[in-house]
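Structure, as structure tokens:
Number of protein chains: 2
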Amino acid sequence: MTIYEMRAYIQLNLSTVCSDSLGSMQAAIKKLVEKGYVSVTEYVENNTLKKQYSVTDKGVKYYKDWVGTPINIQKMKSMEEGKFFFLGIAPGEKRVAFLKALISDMEVEYEKLLVIKDYVGKTQDTAIARNTKRIKEDPVLTGNLLEVSGEKTVEKAVTNIDNYQIYMLEYGLEKIKADLNFYKKILKRELKGSESNGCKKQ
Amino acid sequence: MTIYEMRAYIQLNLSTVCSDSLGSMQAAIKKLVEKGYVSVTEYVENNTLKKQYSVTDKGVKYYKDWVGTPINIQKMKSMEEGKFFFLGIAPGEKRVAFLKALISDMEVEYEKLLVIKDYVGKTQDTAIARNTKRIKEDPVLTGNLLEVSGEKTVEKAVTNIDNYQIYMLEYGLEKIKADLNFYKKILKRELKGSESNGCKKQ
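Okay, structure coming up:
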């Protein structure tokens, strides 16, 4: 895979949890290459030097160990959301402006995800067939996938991966919807509070 | 405030978004002191050297600017959650074990937050009265608070802060509940899938 193929993949599948900036991707790939988890092959296409990245055996082993360790829910904490907590100290008009901006950003993000989910849903069967075919053409990749997944066929392994791709999109959508409902509720309280001359509402 | 008082405050108010380890707190305070946002006063109590931290004028100014900038929803993305996406490649029994561990961790976190919310709810009026009294005894703190909040009375500013303290807890509880529902739904699909001999379910 080239970095542009990886980027397209991240945009389609991981946009809820992962940045797709080329800078941070390059930094991450550099680390993986240094650790020997990924190898680089250079080739020329249309007079341009292209870099193709492949996972190594060491990388497959590392991945197998990593995917088995549980999510650390402490690491899911984000101080960025903590900003909301400190909003109580800000003046009322700043709180309202803050909430409105957040709600509008989240609505954009929600629409973006909906488009992706729609596209992924419609192309699911074709995507499974295409990926299965592509993987079967590469004996090393086929071997790695069957080893890591413990499945007997490439089709089954690809279907599992594809299911989680959709679950992740569902998760992103549900999360943004829940966040939106929450921030809208708080905005409502703020607007009510300022109408009734700032008395405490809950 | 001493670091132990800060820690107790974080545990009570910010446990959904922020780590309360003394190590990371010390590192954060060191940075704030270096930047001149926080000052240190040392004093001896019961034969122990204690350090008291106070916010400086520069710190108040910085805070006023910071609280006005919107949340960057891109920064709320956590690769830790992204692990879920890669679960599709793992063997079925690993996926089920992973989901069960995650659900059980989240249930513990939920119970912890419920206890905090119950306590905060019950003590809300006393807390507002106590904090108002404490702040009024400190003319510098009173001045800072009225300036940053734009409120005319300390009571009103403290009530606003207290409201957002409760909103943050509500947010944490709703978020964990939504996550729990989601992961339970996926676990159900996984268990159904393995019963019916691994056929694709959505």
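If you're matching them up, the sequences are chains A and B in order.
In terms of this note's numbering, the first sequence opens at residue 1131 and continues consecutively.
In terms of this note's numbering, the second sequence opens at residue 1131 and continues consecutively.
Glycine included, every Cβ here is placed at the ideal spot set by N, Cα and C.
When the five nearest sequence neighbours on each side are left out, the beta carbons in the same chain lying within less than 7 Å of the beta carbon of Tyr1193/B are those of Val1278, in order along the chain. When DSSP states are grouped into helix, strand and coil, Lys1230/B belongs to the helix group. Measuring C-alpha to C-alpha distances from Tyr1183/B to each of Met1131/B, Ile1265/B, Gly1302/B identifies Met1131/B as the nearest. Counting only runs that start and end inside the stretch 1254–1323 of chain A, the alpha helix (DSSP H) elements of at least 4 residues fall at 1254–1266, 1269–1279.
In terms of CA proximity to Phe1312/A, Gly1302/B leads the group Lys1315/B, Lys1314/B, Gly1302/B. With fewer than three CB-CB distances shorter than 8 Å, the stretch 1217–1232 of chain A does not count as touching the stretch 1263–1282 of chain A. Thr1253/B and Val1288/B have their C-alpha atoms spaced approximately 14 Å apart. With its beta carbon at least 7 Å from every one in chain A, Leu1276/B lies outside the interface.
Look at Pro1221/B: its C-beta is under 7 Å from a C-beta on chain A. Our two residues, Met1155/B and Leu1162/B, have alpha carbons roughly 11 Å apart in a direct line. Boundaries cannot be given for Ser1151/B, as no alpha helix (DSSP H) includes it and DSSP labels it neither H nor E.
Residues of the stretch 1222–1250 of chain B with a C-beta atom less than 7 Å from some C-beta of chain A are Lys1224, Phe1228, Ala1231, Leu1232, Asp1235, Met1236, Glu1239, listed in chain order. In chain order, Val1197, Tyr1294 make up the part of chain A whose C-beta sits under 7 Å from the C-beta of Leu1217/B. According to the DSSP assignment, Leu1179/B belongs to the beta strand (DSSP E) that extends over 1178–1185. Annotation: Cβ neighbours of Ile1291/B in chain A (cutoff 7 Å, chain order): Gly1218, Ile1219. A Cβ-Cβ separation of about 7 Å places Ile1133/B in contact with Leu1152/B under the 8 Å criterion.
Scanning chain B for C-beta atoms nearer than 7 Å to the C-beta of Met1298/A yields Phe1214, Phe1215, reported in chain order. Checking the DSSP bridge columns, you'll see Glu1172/A partnered with Lys1181/A. In the displayed model, Lys1165/B falls within coil according to three-state DSSP, outside both helix and strand.
Here DSSP, grouped into helix, strand and coil, assigns Ala1220/B to coil. Glu1239/B is classed as buried because its beta carbon has at least 16 other beta carbons within 10 Å across all chains shown.
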